[in-house]
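Take a look at the structure below.
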Amino acid sequence: METLNTDDRKQKKAIFCLVFFITLLLTALCGSASIVTAQKGISLLKEKKAEYDEMFKKQAELNFQMEELFKDLNNLKMKQRNTSEHKHMQQLITRKRLRMEDEISLIEWGNYEIYQQMLEQIKVIQSTMDNLDRENKKRESNMEQLEKCRMKYQELTKQQSTKP
Numbered sequence: 003m004e005t006l007n008t009d010d011r012k013q014k015k016a017i018f019c020l021v022f023f024i025t026l027l028l029t030a031l032c033g034s035a036s037i038v039t040a041q042k043g044i045s046l047l048k049e050k051k052a053e054y055d056e057m058f059k060k061q062a063e064l065n066f067q068m069e070e071l072f073k074d075l076n077n078l079k080m081k082q083r084n085t086s087e088h089k090h091m092q093q094l095i096t097r098k099r100l101r102m103e104d105e106i107s108l109i110e111w112g113n114y115e116i117y118q119q120m121l122e123q124i125k126v127i128q129s130t131m132d133n134l135d136r137e138n139k140k141r142e143s144n145m146e147q148l149e150k151c152r153m154k155y156q157e158l159t160k161q162q163s164t165k166p
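For the sequence shown, the working numbering gives the first residue as 3, with consecutive numbering after it.
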């Protein structure tokens, strides 16, 4: 007893094997494409993480330097200094500010634009503080001169009042 549909079964079996093989091949290709894409994504994420870490470190460093500048400006403003001390402190602040500007100019501009603007404001503050200090020195000098004149006037008035 031989089956009548042997040829049909062989044909269906061959079609099944072909479809199964194509499905396996397609699954393997999709899997390998997924793995390759995932590896590229991981490497891109690692690059971005390294870039952001470097940016974060640079921003932390700039924040620290900016804080030092603000402390120096505050010290310049709060403590009484003679002219040479004031100039020396201003030169120190200017050197730090220029060093930061040079560092920022070597880096991508977009990521550190705020620091550049802050440094410009510090420059304006420095010039304002210089002007205020200059005017304060003039005022003190004028006050001293006025006091001397007042004393001299009092002496003259006394001398004239004692004369008969």
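All C-beta atoms in this analysis are idealised placements derived from N, C-alpha and C, irrespective of residue type, glycine included.
Check                                                                                                   : Outcome
Three-state secondary structure (DSSP) of residue 78                                                    : helix
Distance, residue 125 Cα to residue 152 Cα                                                              : 40 Å
Residue environment, residue 97, which counts as buried when at least 16 other CB atoms sit within 10 Å : exposed
Inter-residue Cα distance where the pair is residue 138 and residue 53                                  : 49 Å
CB contact flag (residue 99, residue 78, <8 Å)                                                          : no
Nearest-angstrom beta carbon gap, residue 106 and residue 114 [assumed within contact, 8 Å]             : 5 Å
Three-way DSSP call (helix, strand, coil) for residue 149 in this model                                 : helix
C-alpha gap between residue 57 and residue 70, whole angstroms                                          : 20 Å
Among 146, 131, 119, 63, nearest to residue 82 - alpha-carbon criterion                                 : 131
Residue 6 (DSSP reduced to helix, strand or coil)                                                       : coil
Cβ shell of residue 46 (< 6 Å), same chain only, five flanking positions each side left out             : none
Residue 133 (DSSP reduced to helix, strand or coil)                                                     : helix
Short Cβ contact (8 Å threshold) for residue 67 with residue 91                                         : no
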